[in-house]
Amino acid sequence: LTRQSEELKTALLASLGHDLRTPLTAIRVAASNLKASWPTAADREEQGDLILEEVERLTRLFTNVLEMARIDAGAVEKAPRWTHPSEIVAAARAQVAHALKDRPLSVRIDADVPVQLDARLTASALTQLLENAAEYAPGSTPIDVTIAVTEAVLRISVRDHGPGIAAADLPHLFERVCRGASAARQRAPGSGMGRWIAREVLAAEQGRVWAENCADGGAQFTIVVPLSAPTPAATEVSAS
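Numbered by my numbering, the letters in the sequence shown go through residues 11 to 250 in order.
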């Protein structure tokens with residue numbers, strides 16, 4: 011167990027080192043370009059946008075590290091409140107705006123009715139899955155988000171149109187550090203810790219997440235979160 015713990019720490023530090031080095035290098039180069047005399051006004055705007063984009067990436071990385079520390083410390087607690095599925099999607103989308111950029115994002119909500127759950131934890135998990143889809147699927151392909159509400163659960167599916175998940179990676183996707191074969195082939199950024207964070211924050215509200223390949227290509231990640239109280243709409247339907 012000690013050896014496995016040390017190996018995990020080594021892998022995590024190596025992955026974090028890579029994830030830190032890439033945006034820091036981009037920021038340093040862009041900042042140097044801004045100090046030069048050759049950039050036009052358009053060039054300066056482009057370099058400034060690049061710096062902001064990489065700062066956002068660093069912010070997400072540090073957020074994930076802090077979230078991981080909270081999970082390890084057992085400091086993740088459920089705080090249910092009434093919200094709408096559309097608000098959860100909006101919060102998650104705002105967190106990964108830098109990763110989504112101009113990528114097509116399709117959101118279909120069967121019924122945007124009030125639900126009682128921990129909106130922060132659910133949005134945090136959805137954020138990780140949206141970022142994961144953006145990292146592993148080509149930039150021109152869409153990401154599809156589908157939400158369904160029953161009396162008992164909220165179900166969110168995130169579908170990408172990338173290469174799918176290698177069979178050997180499926181059992182390990184939600185381990186603390188798992189980049190997988192697809193990431194290695196595409197040299198995709200990220201340590202893979204986001205999927206583990208999604209699983210752990212969902213567990214705090216008795217939710218779960220799993221992944222599967224789609225028959226027509228791409229991968230789909232599904233979140234299911236039990237509701238703390240029946241939805242008003244579902245209750246009315248049951249009563250009628």
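Backbone N, C-alpha and C fix where the C-beta goes; we use that ideal spot for every residue, glycine too.
Item, Value
"How many whole angstroms separate the CB atoms of Val168 and Leu212, which I take to be in contact at a CB cut-off of 8 Å?", "Not confirmed; about 13 Å, so no contact."
"For the beta strand (DSSP E) that contains Arg169, what are its first and last residues?", "Val163 to Arg169"
"Got a sec? Which residues, its chain only, sit under 7 Å from Leu127 by beta carbon, not counting five neighbours each side?", "Pro90, Leu164, Glu215, Val235, Leu237 and Ser238"
"Looking at Ala100: is its Cβ nearer than 8 Å to the Cβ of Leu136?", "no"
"Thinking Ala208 and Gln105 are a contact (beta carbons under 8 Å), I'd like their distance in whole angstroms, please.", "Actually they are not in contact, since the Cβ atoms of Ala208 and Gln105 sit about 13 Å apart, beyond 8 Å."
"DSSP on Val187, reduced to helix/strand/coil?", "coil"
"Helix, strand or coil for Pro236 per DSSP?", "strand"
"Among residues of its own chain, excluding the 5 on either side of Arg197, which ones have a beta-carbon nearer than 6 Å to its beta-carbon?", "Because Arg197 sits at a pLDDT of 49, beneath the cut-off of 50, its placement in the model cannot be relied upon, and the point is left open."
"I believe Glu77 touches Ala129 by the beta-carbon criterion, under 8 Å. Please report the beta-carbon distance rounded to the nearest angstrom.", "At roughly 16 Å, the Cβ-Cβ gap does not stay under 8 Å, so Glu77 and Ala129 are not in contact."
"Just confirm the distance between the C-beta atoms of Ile153 and Asp170, as a whole number of angstroms; I'd bet it's less than 8 Å.", "6 Å"
"Look at the Cβ atom of Ile61, then the Cβ atom of Ile166, and state whether they are nearer than 8 Å.", "no"
"Roughly how many whole angstroms lie between the Cα atoms of His108 and Thr160?", "32 Å"
"Taking Gly149 as the reference, give the member of Ala41, Asp112, Leu71 and Gly174 with the closest Cα.", "Asp112"
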